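Shown next, in structure tokens, is the structure this report addresses.
Number of protein chains: 2
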Amino acid sequence: MSEVLQTCGEAKAAAPAIASAPAARRNAALEAMADALDASHDAVLAANAEDVDSARAEGVSPALVDRLTLTPARLSDMADALRQLVGLTDPVGQVVRGFTLPNGLDVRQVRVPLGVIAMVYEGRPNVTVDAAGLAIKSGNACVLRGSRTAIRSNTALAEVLRGALQSQGLPAEAISLITDTSRDSVKELGRARGLVDLLIPRGGAGLIQSVVEDSSVPVIETGVGNCHVYVDRAADLAKARAIVVNAKTHRPSVCNAAETLLVHRDVAAEFLPDVVDALVEAGVELRGDTTAQELATMGPATPEDWDTEYLDLVMAVRVVEGFDDALGHIAAHGTLHTEAIVTEDRAAARAFVAAVDAAAVMVNASTRFTDGGEFGFGAEIGISTQKLHARGPMALTELTTTKYIVEGDGQVRR
Amino acid sequence: MSEVLQTCGEAKAAAPAIASAPAARRNAALEAMADALDASHDAVLAANAEDVDSARAEGVSPALVDRLTLTPARLSDMADALRQLVGLTDPVGQVVRGFTLPNGLDVRQVRVPLGVIAMVYEGRPNVTVDAAGLAIKSGNACVLRGSRTAIRSNTALAEVLRGALQSQGLPAEAISLITDTSRDSVKELGRARGLVDLLIPRGGAGLIQSVVEDSSVPVIETGVGNCHVYVDRAADLAKARAIVVNAKTHRPSVCNAAETLLVHRDVAAEFLPDVVDALVEAGVELRGDTTAQELATMGPATPEDWDTEYLDLVMAVRVVEGFDDALGHIAAHGTLHTEAIVTEDRAAARAFVAAVDAAAVMVNASTRFTDGGEFGFGAEIGISTQKLHARGPMALTELTTTKYIVEGDGQVRR
Numbered sequence: 012m013s014e015v016l017q018t019c020g021e022a023k024a025a026a027p028a029i030a031s032a033p034a035a036r037r038n039a040a041l042e043a044m045a046d047a048l049d050a051s052h053d054a055v056l057a058a059n060a061e062d063v064d065s066a067r068a069e070g071v072s073p074a075l076v077d078r079l080t081l082t083p084a085r086l087s088d089m090a091d092a093l094r095q096l097v098g099l100t101d102p103v104g105q106v107v108r109g110f111t112l113p114n115g116l117d118v119r120q121v122r123v124p125l126g127v128i129a130m131v132y133e134g135r136p137n138v139t140v141d142a143a144g145l146a147i148k149s150g151n152a153c154v155l156r157g158s159r160t161a162i163r164s165n166t167a168l169a170e171v172l173r174g175a176l177q178s179q180g181l182p183a184e185a186i187s188l189i190t191d192t193s194r195d196s197v198k199e200l201g202r203a204r205g206l207v208d209l210l211i212p213r214g215g216a217g218l219i220q221s222v223v224e225d226s227s228v229p230v231i232e233t234g235v236g237n238c239h240v241y242v243d244r245a246a247d248l249a250k251a252r253a254i255v256v257n258a259k260t261h262r263p264s265v266c267n268a269a270e271t272l273l274v275h276r277d278v279a280a281e282f283l284p285d286v287v288d289a290l291v292e293a294g295v296e297l298r299g300d301t302t303a304q305e306l307a308t309m310g311p312a313t314p315e316d317w318d319t320e321y322l323d324l325v326m327a328v329r330v331v332e333g334f335d336d337a338l339g340h341i342a343a344h345g346t347l348h349t350e351a352i353v354t355e356d357r358a359a360a361r362a363f364v365a366a367v368d369a370a371a372v373m374v375n376a377s378t379r380f381t382d383g384g385e386f387g388f389g390a391e392i393g394i395s396t397q398k399l400h401a402r403g404p405m406a407l408t409e410l411t412t413t414k415y416i417v418e419g420d421g422q423v424r425r
Numbered sequence: 012m013s014e015v016l017q018t019c020g021e022a023k024a025a026a027p028a029i030a031s032a033p034a035a036r037r038n039a040a041l042e043a044m045a046d047a048l049d050a051s052h053d054a055v056l057a058a059n060a061e062d063v064d065s066a067r068a069e070g071v072s073p074a075l076v077d078r079l080t081l082t083p084a085r086l087s088d089m090a091d092a093l094r095q096l097v098g099l100t101d102p103v104g105q106v107v108r109g110f111t112l113p114n115g116l117d118v119r120q121v122r123v124p125l126g127v128i129a130m131v132y133e134g135r136p137n138v139t140v141d142a143a144g145l146a147i148k149s150g151n152a153c154v155l156r157g158s159r160t161a162i163r164s165n166t167a168l169a170e171v172l173r174g175a176l177q178s179q180g181l182p183a184e185a186i187s188l189i190t191d192t193s194r195d196s197v198k199e200l201g202r203a204r205g206l207v208d209l210l211i212p213r214g215g216a217g218l219i220q221s222v223v224e225d226s227s228v229p230v231i232e233t234g235v236g237n238c239h240v241y242v243d244r245a246a247d248l249a250k251a252r253a254i255v256v257n258a259k260t261h262r263p264s265v266c267n268a269a270e271t272l273l274v275h276r277d278v279a280a281e282f283l284p285d286v287v288d289a290l291v292e293a294g295v296e297l298r299g300d301t302t303a304q305e306l307a308t309m310g311p312a313t314p315e316d317w318d319t320e321y322l323d324l325v326m327a328v329r330v331v332e333g334f335d336d337a338l339g340h341i342a343a344h345g346t347l348h349t350e351a352i353v354t355e356d357r358a359a360a361r362a363f364v365a366a367v368d369a370a371a372v373m374v375n376a377s378t379r380f381t382d383g384g385e386f387g388f389g390a391e392i393g394i395s396t397q398k399l400h401a402r403g404p405m406a407l408t409e410l411t412t413t414k415y416i417v418e419g420d421g422q423v424r425r
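Those sequence lines, one after another, are chains A and B. Heads up: the first sequence runs through residues 12 to 425, numbered per our numbering. Heads up: the second sequence runs through residues 12 to 425, numbered per our numbering.
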């Protein structure tokens with residue numbers, strides 16, 4: 012049997028023990044995981060140093076090396092994140108709805124863990140800890156398949172977390188790491204029907220696309236965000252400038268950063284030179300359509316730019332003919348993540364909110380607010396850009412399903 | 012372009028008009044669809060007669076011919092079902108939750124249509140009308156792919172429904188029928204990413220399995236139900252008999268019918284002869300394990316029987332060593348649909364409910380109650396046996412997704 016199937020089978024076998032563990036024990040396990048992390052800096056940092064050395068030797072880019080690198084401070088942050096989970100409301104056992112049928116049957120729809128959650132992710136070892144913590148908090152077992160570059164770090168982290176689980180009388184297999192980092196292992200994970208209840212790919216568009224195409228287990232797509240800010244004719248231009256600069260530059264490498272600026276032609280001449288100055292000052296490279304290039308200093312945009320999630324200090328700019336043109340552009344190029352309008356026109360705001368198909372629609376606010384932490388959900392495992400099960404920030408609730416419990420005293424159907 | 016992609020593209024283009032239509036207009040469309048059906052008996056029945064003739068000529072089984080056959084009464088029932096949808100609560104626009112963030116942003120999570128719902132189904136033409144009605148009620152466009160045997164009936168029905176949509180100023184393409192009934196058309200539908208928001212296969216296990224394996228669009232599995240009734244040591248045997256007989260014989264051809272009876276060894280000698288008499292009297296063929304065969308008259312069960320959804324007057328019987336043995340059998344052979352325990356022992360009931368992984372768990376009630384109509388949901392598109400998005404009876408709410416609407420006055424992220 013392959014490592015993937017064996018690991019998934021072990022996780023599946025461990026899942027009932029996690030699902031049936033009372034919240035107090037799952038929380039104790041999270042505390043133990045945090046404490047164990049704090050006590051294991053030396054071992055984890057040593058393993059990570061080997062990963063970092065290999066990555067450098069292979070010529071991995073400095074940005075990726077930075078994502079890979081662990082420090083005592085980063086490890087402490089990871090432990091703190093585990094401790095913060097303890098304080099969050101337990102989703103397991105919540106009664107979503109309940110009613111009594113005319114025949115006297117009592118029906119309750121109750122929140123229960125999914126079972127086994129698998130994650131496929133790229134070079135950031137903190138995902139190992141985040142995902143494991145969210146899984147345990149929500150009563151699930153997890154199967155983790157990180158990248159080859161981080162394999163030593165992930166192995167060390169998983170060992171620490173598994174030991175902590177065992178110390179609380181829970182099965183270590185509820186946190187299982189797949190060490191086979193070949194492409195085939197992802198494919199096999201996506202085909203492990205009956206063993207994997209949910210597969211979440213977390214990473215670039217290419218990884219997500221291939222997981223979606225190849226999987227027969229349920230998948231939730233996360234995080235590809237080609238987000239737009241549309242500055243309407245009726246925008247307050249000072250608000251618009253602040254929102255555009257924030258959406259683009261606050262943290263350009265994440266999915267809720269804006270990638271394209273759409274400006275209504277009636278305000279373009281006034282707005283563009285001003286916002287471009289601010290963006291350039293913040294280090295942003297701009298690529299515009301012909302009209303935008305005439306109104307402010309920037310390079311030309313190619314058709315590919317409208318579909319590119321730069322995840323960098325680059326922004327595409329288009330002057331649109333009007334509201335409908337903006338909607339059309341977003342419908343053609345958006346990724347159903349987050350779209351923003353800046354306007355003081357109530358009718359335009361309502362129409363935008365109604366027409367735009369996205370997980371989150373912002374009116375006079377930065378795209379950066381689409382975030383589980385910002386929404387007050389406490390923790391998130393990603394931003395779902397699909398429509399089924401979960402849309403937008405996915406927190407603990409989204410890592411559960413429900414079951415109907417029907418209690419009677421002998422009722423049969425007439 | 013293939014018919015499938017063209018049809019899906021037309022439905023996708025029509026979806027915003029349905030999504031943005033107020034409930035009053037969608038309800039008027041449902042009324043118009045019902046009236047048009049009532050006025051089109053001749054045309055639909057003539058088309059159906061051709062389908063029935065062809066099916067008979069091809070030697071299709073009488074049961075399948077019966078499912079295929081339309082009558083004036085069945086057409087009236089279909090129209091009535093459309094009218095009943097009118098009275099149900101509109102899911103679109105419901106605010107699922109709403110809150111104000113510390114920075115003053117107002118966040119609302121609002122229920123919105125999914126977009127395009129595709130259905131793949133077998134020989135029953137009423138699914139064409141049911142699915143179209145549920146889609147329009149929930150603000151969605153639909154793409155319908157029925158079976159070859161029913162193609163003339165489905166074409167006639169779709170034409171009637173599309174005309175009714177148009178009469179209410181809604182695009183006919185919101186109800187689109189795929190006339191290509193090759194296997195490839197199902198595959199292509201399952202690969203129509205960006206055009207199909209949800210694909211629901213409705214039919215036998217083979218159809219569902221192939222759709223799940225081959226699709227990259229989101230799929231919800233429905234309806235495979237290898238349901239068990241477990242008669243516990245502490246069962247009230249009179250209740251148990253009524254429940255077993257009802258679960259097996261009330262409507263054996265549907266997914267929530269029971270297929271296997273598990274009896275605790277301590278009550279098997281008393282219970283089995285009695286229940287077997289009642290089942291045999293109702294025309295049920297029984298297939299038991301060795302112990303069951305010793306206690307009552309029945310044929311032998313093979314290992315395949317434990318995994319067979321008979322959908323017929325056949326029932327497998329096993330005497331289990333105890334509660335855990337029953338749980339183990341259900342875990343090994345259940346299809347996550349509906350499982351029932353009959354017991355007066357509160358602890359056993361609680362343990363069963365907690366341990367069994369299924370969409371619905373019954374205590375002292377027939378498995379037949381897992382049903383949207385019985386639960387009071389008014390209408391259902393199927394019983395989901397998967398854990399994501401929807402579990403158990405899928406009604407109007409499950410045909411929607413949500414979007415977050417965030418309104419501010421210039422907030423940026425700090």
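Yeah, the Cβ is synthetic: ideal placement off N, Cα and C, and Gly gets one too. It should be emphasised that the depicted structure is a prediction, and the values quoted were computed from it without experimental measurement.
Leaving out the 5 sequence neighbours to the left and right, which residues in its chain are closer than 7 angstroms to residue i when beta-carbon positions are compared?
i: Ala45 (chain B); result: Ala90, Leu93 and Arg94
i: Arg204 (chain A); result: Ser227 and Val228
i: Asn114 (chain A); result: Gln422
Shortest alpha-carbon distance to residue i belongs to which of the options?
i: Val127 (chain A); options: A:Leu81, A:Val140 and A:Ile186; result: A:Ile186
i: Asp277 (chain B); options: B:Ala43, B:Arg298, B:Asp117 and B:Leu306; result: B:Leu306
i: Ala268 (chain B); options: B:His275, B:Ala327 and B:Glu232; result: B:Ala327
i: Ala54 (chain A); options: A:Asp191, A:Cys153 and A:Ala169; result: A:Ala169
i: Pro182 (chain A); options: A:Glu21, A:Leu81 and A:Asn165; result: A:Glu21
i: Val240 (chain B); options: B:Ser395, B:Val97 and B:Arg329; result: B:Arg329
i: Arg361 (chain A); options: B:Ile416, B:Ala359 and B:Ala343; result: B:Ile416
i: Gln105 (chain B); options: B:Arg262, B:Glu409 and B:Ala28; result: B:Glu409
i: Val15 (chain B); options: B:Gly217, B:Ala253, B:Thr190 and B:Met309; result: B:Thr190
i: Ser395 (chain A); options: B:Asn151, B:Ala39, B:Thr412 and B:Ala406; result: B:Thr412
i: Val372 (chain A); options: B:Thr313, B:Leu338, B:Lys414 and B:Leu75; result: B:Lys414
i: His348 (chain A); options: A:Ser87, A:Glu224 and A:Val235; result: A:Val235
i: Cys266 (chain B); options: B:Pro311, B:Glu281 and B:Leu322; result: B:Leu322
Counting only Cβ pairs nearer than 7 angstroms, list the residues of chain A close to residue i.
i: Ile254 (chain B); result: Gly421 and Val423
i: Ile118 (chain B); result: As written in the sequence, residue 118 (chain B) is Val, which differs from the Ile given in the question. Those are Phe386, listed as they occur along chain A.
i: Arg37 (chain B); result: Within 7 angstroms Cβ-Cβ: nothing; Arg37 (chain B) doesn't reach chain A, min ~15 angstroms.
In chain B, which residues lie less than 9 angstroms from residue i when you measure between Cβ atoms?
i: Tyr241 (chain A); result: The contacting residues do not exist; Tyr241 (chain A) stays about 15 angstroms from chain B at best.
i: Arg244 (chain A); result: Chain B residues near Arg244 (chain A): none, gap ~17 angstroms exceeds 9 angstroms.
i: Lys23 (chain A); result: Near Lys23 (chain A) there are no residues of chain B at all, since even the closest Cβ is about 10 angstroms away, more than 9 angstroms.
Which residues in chain B sit within 7 angstroms of residue i, going by Cβ to Cβ distance?
i: Leu272 (chain A); result: Ordered by position in chain B, no residue passes the 7 angstroms Cβ test against Leu272 (chain A), which lies about 15 angstroms from the chain.
i: Val457 (chain A); result: The question about residue 457 (chain A) has no answer here: the residues shown for chain A are numbered 12 through 425.
i: Thr413 (chain A); result: Arg402
i: Ala45 (chain A); result: Going along chain B, no residue has its Cβ under 7 angstroms from Ala45 (chain A), so there is no contact; the nearest lies around 26 angstroms.
i: Asp285 (chain A); result: Those do not exist, as Asp285 (chain A) stays about 15 angstroms from chain B at its closest Cβ, beyond 7 angstroms.
Since residue i meets chain D, which of its residues come closer than 7 angstroms, beta carbon to beta carbon?
i: Ile416 (chain B); result: Chain labels in this structure do not include chain D; the protein chains are A and B.
In the DSSP assignment, find the beta strand (DSSP E) that holds residue i and state where it starts and stops.
i: Leu297 (chain B); result: Glu296 to Gly299
i: Asp318 (chain A); result: Run containing Asp318 (chain A): none; DSSP gives neither H nor E here.
Using a Cβ cut-off of 9 angstroms, pull out every chain A residue sitting near residue i, in sequence order please.
i: Asn137 (chain B); result: Ordered by position in chain A, no residue passes the 9 angstroms Cβ test against Asn137 (chain B), which lies about 21 angstroms from the chain.
Counting only Cβ pairs nearer than 8 angstroms, list the residues of chain A close to residue i.
i: Asp247 (chain B); result: Gly421
Below 6 angstroms CB to CB, which residues in the same chain sit around residue i once its five sequence neighbours on both sides are set aside?
i: Ala251 (chain B); result: Val242 and Val353
i: Gly389 (chain B); result: Leu99
i: Asp316 (chain B); result: Arg298 and Ala327
i: Gly333 (chain B); result: none
I'd like the list of long-range same chain contacts for residue i, defined as Cβ closer than 8 angstroms, with 5 residues on each side in sequence excluded.
i: Val256 (chain B); result: Val286, Ala289, Leu290 and Ala293
i: Glu199 (chain B); result: Ser13, Val15 and Leu16
Over what stretch of residues does the alpha helix (DSSP H) that includes residue i continue unbroken?
i: Pro124 (chain B); result: No alpha helix (DSSP H) contains Pro124 (chain B), which is instead part of the beta strand (DSSP E) from Asp117 to Pro124.
i: Gly201 (chain A); result: Arg194 to Gly201
Do the stretch 216-235 of chain A and the stretch 140-152 of chain A meet, that is, are 3 or more Cβ pairs less than 8 angstroms apart?
Output reads no: the stretch 140-152 of chain A does not touch the stretch 216-235 of chain A.
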